[in-house]
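In my numbering, the protein residues as written are 129 to 206. The beta-carbon is built from N, C-alpha and C at its ideal position, and this holds for glycine as well. Treat the numbers as computed from the prediction; the structure is a model and nothing was measured. Have a look at the structure below before the remarks.
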């Protein structure tokens, strides 16, 4: 069974989207989610309520990634 982690990278507008990763982000927010679909839903509301909303689209942007990780019990059975 796969476990998914939703990762939101907050990068300066001066950083091209293809270069926006955890090392260049000014903030990284991650949480465990139940599916790939859950990686993409809900973060707009989370960011809209957060402190970073002030600069969103003006000085910073968000990039969302979904990372799949195998659980230990599944990896041992394969």
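Closest residue to residue i among the options (Cα-Cα distance)
i, options, result
"residue 183", "168, 146, 154, 148", "154"
"residue 190", "130, 196, 160, 168", "168"
"residue 157", "185, 133, 187", "133"
"residue 185", "135, 145, 131, 130", "145"
"residue 150", "135, 161, 141", "135"
Paired residues, beta bridge with residue i - DSSP
i, result
"residue 149", "Bridge partners of residue 149: none, in fact."
"residue 133", "160, 195"
Euclidean distance between Cα positions of residue i and residue j
i, j, result
"residue 143", "residue 159", "24 Å"
"residue 197", "residue 139", "24 Å"
"residue 163", "residue 130", "9 Å"
Buried or exposed by the 16-neighbour rule on C-beta atoms within 10 Å, applied to residue i
i, result
"residue 137", "buried"
"residue 195", "exposed"
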